[in-house]
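**Student:** Sequence positions in the sequence shown follow our numbering and run 6 to 132. I am attaching a structure below and will ask some questions about it afterwards.
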Amino acid sequence: MKNGKSSSVGERASIATTILSVVSVAAVLVAAYQTDQNRKLRARCAQIQSLKQKHDDKLNEKQNDKDDAKETKEEECMEEEEEGGMKVYPIGFVQSIYKLCVGTPRQGLLAPHSRGIITLQENRVNP
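Below is the structure:
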């Protein structure tokens, strides 16, 4: 009987050691998988940040182009003033998705996506 008990205790210890080894290997594999996933996630984040920076640069470039266009319009108005003798100053500007009147809806409320912005210059308009 003693030998039967000791062998079963030995077998249990062997099984426990095997289970502990399997759990250890599983933990190492999980850690390796998570490290790989973290690496992929960091790479994707870097890619998204790069795309965002490019998008922001394009937006800034467009805004700079709009600002340049406003300055050009003001300069044209000033030149006309000098040539014709009549003083005409712009009091603001209109921004729209439409570049020409062709294709612009006549009833703007029927095309809600076609909103525009009127920007008044504070130094030209009396409150």
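Think of the CB as a built atom: it goes at the ideal place given N, C-alpha and C, for glycine as much as any other residue.
Whose CA, out of Phe98, Val107, Gln112, lies closest to the CA of aspartate 73?
**Tutor:** Closest by alpha carbon: Phe98.
**Student:** For asparagine 131, which of Leu105, Ile96, Leu115, Gly113 has the nearest alpha-carbon?
**Tutor:** With distances taken between Cα atoms, asparagine 131 lies closest to Ile96.
**Student:** Per DSSP, glutamine 100 forms a beta bridge with which residues?
**Tutor:** Answer by DSSP bridge pairing, in chain order: Ile122.
**Student:** Helix, strand or coil: how does DSSP classify alanine 5 here?
**Tutor:** As shown, the chain starts at 6 and ends at 132. That puts residue 5 outside it, with no answer to give.
**Student:** In the structure shown, what three-state DSSP assignment does leucine 46 receive?
**Tutor:** Helix.
**Student:** Could you tell me which of Ala18, Gly108, Tyr94, Tyr38 sits nearest to glutamate 127, measuring between CA atoms?
**Tutor:** The shortest C-alpha separation from glutamate 127 is found at Tyr94.
**Student:** Could you give the distance in angstroms between the alpha-carbon of glutamate 66 and the alpha-carbon of valine 35?
**Tutor:** If you take the alpha carbons of glutamate 66 and valine 35, they lie about 46 angstroms apart.
**Student:** In three-state terms, what does DSSP make of valine 27?
**Tutor:** Of the three classes helix, strand and coil, the one that applies to valine 27 here is helix, per DSSP.
**Student:** Helix, strand or coil: which one does DSSP assign to threonine 22?
**Tutor:** Helix.
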